[in-house]
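**Student:**
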Ligand SMILES: [Zn+2]
C-alpha cells in the first residue's frame, strides 16, 4: 500500500481561555482518503485531538499488521519493513492569521 499521512495541527486563541492546539491527520491509502475522521479541532471545550499513536494504530489495522504500542516503536519503519510506502507531510496552522490582536501583549 502507499500510505500518505498529512499531519495537521489546529490552533485556537481565546481571549478567556488562552490558546490551545490540537493534532490530527488526514491519511490516504493508495490515493483514497481512509474514511477515519481524525481532523484536529482546537477549541475551548470539546476539541478533538489525535496523536501519532491513534493515527498509526488505525493504519496498522488497515494494513493488517500487529500494532505494538510503545514509545520506542518506529511505526513508519515497521510499515516500510512490511513492504508499504509511507510519505508524511506536515501542515501547520497559520498562527498569525488566527491570533487575536492583543495589542502589546507579546504572549
Ligand atoms: Zn474560550
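Residue numbers (the numbering used here): 56 to 162. Just so you know, even glycine gets a beta-carbon here, dropped at the ideal spot from N, CA and C. Quantities reported herein were computed from a predicted structural model and do not represent experimental measurements.
1. Expressed to the nearest angstrom, what Euclidean distance is found between the alpha-carbon atoms of residue 66 and residue 108?
2. So what's residue 113 in DSSP terms, helix, strand or just coil?
3. I'd like the list of long-range same chain contacts for residue 2, defined as Cβ closer than 8 Å, with 5 residues on each side in sequence excluded.
4. Checking 8 Å against the spacing of the C-beta atoms, do residue 78 and residue 95 come in under that value?
5. Rounded to a whole number of angstroms, what is the C-alpha to C-alpha distance between residue 56 and residue 97?
6. Report the three-state DSSP secondary structure of residue 147 (helix, strand or coil).
7. Taking 7 Å as the cut-off, does the CB of residue 71 come closer than this to any heavy atom belonging to ligand 1?
8. With distance defined between alpha-carbon atoms, name the residue in 115, 71, 58 and 76 nearest to residue 148.
9. My output table needs one value for residue 136: the three-state DSSP class, helix, strand or coil.
**Tutor:** According to the structure data:
1. Locating residue 66 in the chain shown gives position 11, counting from the first residue. Locating residue 108 in the chain shown gives position 53, counting from the first residue. Taking the straight line from one Cα to the other gives about 20 Å.
2. Residue mapping note: residue 113 aligns to position 58 of the chain shown, counting from 1. If DSSP states are grouped into helix, strand and coil, residue 113 belongs with the helices.
3. There is simply no residue 2 to check, as the chain begins at 56 and stops at 162 in what is shown.
4. On the chain shown, position 23 is the one that residue 78 refers to. On the chain shown, position 40 is the one that residue 95 refers to. For residue 78 and residue 95, yes; Cβs fall inside 8 Å.
5. Here residue 56 refers to the residue found at position 1 when the chain shown is read from its first residue. Here residue 97 refers to the residue found at position 42 when the chain shown is read from its first residue. When rounded, the distance between both Cα atoms is 31 Å.
6. For the purposes of this step, residue 147 is taken as the residue at position 92 of the chain shown. In the structure shown, residue 147 sits in coil (DSSP, three-state: anything other than H, G, I, E or B).
7. What you label residue 71 is simply residue 16 of the chain shown in a count that begins at 1. It does: the Cβ of residue 71 is within 7 Å (strictly closer) of some heavy atom of ligand 1.
8. Position 93 of the chain shown, counted from the start, is the residue given in the question as residue 148. Nearest C-alpha to residue 148: 76.
9. Along the chain shown, one-based indexing puts residue 136 at 81. If DSSP states are grouped into helix, strand and coil, residue 136 belongs with the helices.
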